[in-house]
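S.K.: Under full-length UniProt numbering, the first residue of the sequence shown is numbered 1, with each subsequent residue one higher. The beta carbon of each residue, even a glycine, is placed where N, CA and C say it ideally should be. On a predicted model such as this, the values are computed, not experimentally measured, just so you know. If you scroll down you'll find the structure; I have some questions about it.
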Amino acid sequence: MPRLRVLAGPSVTELVPIVANSGIPAKINSDAFEGLVAVYIKGIEGTQGKVGENEYFDQEERRGVTWSIQVQGRFLRPRSADDILFGNTFERPLTLPWGSSAALRFMSFIDPTLEHDLASSSKPWALSPLIATMPYFEHKRVKYGSPTPPFPPQKPVGDDTTQLRSSNGKGKGLS
Numbered sequence: 001m002p003r004l005r006v007l008a009g010p011s012v013t014e015l016v017p018i019v020a021n022s023g024i025p026a027k028i029n030s031d032a033f034e035g036l037v038a039v040y041i042k043g044i045e046g047t048q049g050k051v052g053e054n055e056y057f058d059q060e061e062r063r064g065v066t067w068s069i070q071v072q073g074r075f076l077r078p079r080s081a082d083d084i085l086f087g088n089t090f091e092r093p094l095t096l097p098w099g100s101s102a103a104l105r106f107m108s109f110i111d112p113t114l115e116h117d118l119a120s121s122s123k124p125w126a127l128s129p130l131i132a133t134m135p136y137f138e139h140k141r142v143k144y145g146s147p148t149p150p151f152p153p154q155k156p157v158g159d160d161t162t163q164l165r166s167s168n169g170k171g172k173g174l175s
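Written as structure tokens, this is what we have:
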């Protein structure tokens, strides 16, 4: 029976397994980013092969939610939101069902930022800019030396990008 492995790391070549639904964040550190990631997946089998219940999905605000990937951290040098990607990379080729190419063309209307090669004969992938893909995105600036907010958060995050800086395309900030 296939099992879902949840991996995280600073690059595709440095991934390590993390325990979904544990509430224990995994650390991600590189020369470009430092932070934490926590993953929740409703109905995922644990290491003992049993599906455990998790209070994360019992909260009223999370009814109907089946997964959550949460990241808290900071980039160590300026980055464009276009260069921060979210998606999937697979270790081996996928067997795509008939009609999947039509479905993928339709997806370009729903997510015009999606780029993919799911028919790759080696390592299929599908990626979009993070900020365009996340159903909820919250950005907060923390003053240097101030403590970071608790992680993972006890309450669901909402959309808040008011503290993001914009660029005019020439590298000059607008905010």
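Ends of the beta strand (DSSP E) at F137?
M.R.: Position 137 of the sequence shown, counting from 1, holds the residue named residue 137. Note, F137: premise wrong, no beta strand (DSSP E); not H, not E.
S.K.: So what's E14 in DSSP terms, helix, strand or just coil?
M.R.: Residue mapping note: residue 14 aligns to position 14 of the sequence shown, counting from 1. E14 falls in the helix class under three-state DSSP.
S.K.: Tell me, which residues are paired with residue 181 by DSSP?
M.R.: Nothing about residue 181 can be read from this structure; the chain reaches only from 1 to 175.
S.K.: Rounded to a whole number of angstroms, what is the C-alpha to C-alpha distance between A132 and L164?
M.R.: For the purposes of this step, residue 132 is taken as residue 132 along the sequence shown, with counting starting at 1. For the purposes of this step, residue 164 is taken as residue 164 along the sequence shown, with counting starting at 1. Those two C-alpha atoms are separated by around 14 Å.
S.K.: Helix, strand or coil for D160? Go by DSSP, reduced to three states.
M.R.: Counting from one through the sequence shown, the residue named residue 160 turns up at place 160. Correct three-state label for D160: strand.
S.K.: Does the structure place the region 134-148 close enough to the region 103-123 that three or more beta carbon pairs sit under 8 Å?
M.R.: Result no; under three Cβ-Cβ pairs closer than 8 Å.
S.K.: So if DSSP puts E60 in a beta bridge, which residue, or which two residues, is it bridged to?
M.R.: Taking the first residue of the sequence shown as 1, we reach residue 60 at position 60. The partner list for E60 (beta bridge, DSSP) is empty, contrary to what the question assumes.
S.K.: Output yes or no for whether 7 Å exceeds the beta carbon distance between G35 and Q72.
M.R.: Reading the sequence shown from its first residue, position 35 is the one you call residue 35. Reading the sequence shown from its first residue, position 72 is the one you call residue 72. Their beta carbons are under 7 Å apart, which means G35 touches Q72 by this criterion.
S.K.: Going by the DSSP bridge assignment, what does A20 pair with across the sheet?
M.R.: For this step, residue 20 is matched to residue 20 along the sequence shown. In DSSP, A20 forms no bridge with anything.
S.K.: Taking C-beta to C-beta, are P17 and L7 nearer than 7 Å?
M.R.: As a working mapping, residue 17 is identified with position 17 in the sequence shown. As a working mapping, residue 7 is identified with position 7 in the sequence shown. A contact, by the Cβ cut-off of 7 Å.
S.K.: Considering only C-alpha positions, which residue in the set V37, A102, T95 is nearest to N21?
M.R.: Here residue 21 is taken as the residue at index 21 of the sequence shown, counted from 1. Measuring from the Cα of N21, the nearest candidate turns out to be V37.
S.K.: Considering only the alpha carbon of each residue, which of K42, K140, R92, P97 lies closest to S122?
M.R.: By one-based count along the sequence shown, residue 122 stands at place 122. The candidate whose alpha carbon is nearest that of S122 is R92.
S.K.: Suppose you measure from the CA of G23 to the CA of V39; what does that come to, to the nearest Å?
M.R.: The residue labelled residue 23 in the question sits at position 23 within the sequence shown. The residue labelled residue 39 in the question sits at position 39 within the sequence shown. So the two alpha carbons sit approximately 8 Å from each other.
S.K.: Excluding the five sequence neighbours on either side, which residues of its own chain have a C-beta within less than 7 Å of the C-beta of G64, listed in chain order?
M.R.: Residue numbering aside, residue 64 sits at position 64 when the sequence shown is read from its first letter. So no residue of the chain qualifies.
S.K.: Express the C-alpha separation of F75 and G145 in angstroms, rounding to a whole number.
M.R.: Taking the first residue of the sequence shown as 1, we reach residue 145 at position 145. Taking the first residue of the sequence shown as 1, we reach residue 75 at position 75. Taking the straight line joining both Cα atoms gives about 16 Å.
S.K.: Just to confirm my understanding: we take T161, look at its own chain, exclude 5 residues before and 5 after, and list those with CB closer than 7 Å. What are they?
M.R.: As a position in the sequence shown, residue 161 is number 161, starting the count at 1. Closer than 7 Å at Cβ, skipping near neighbours: F137, H139.
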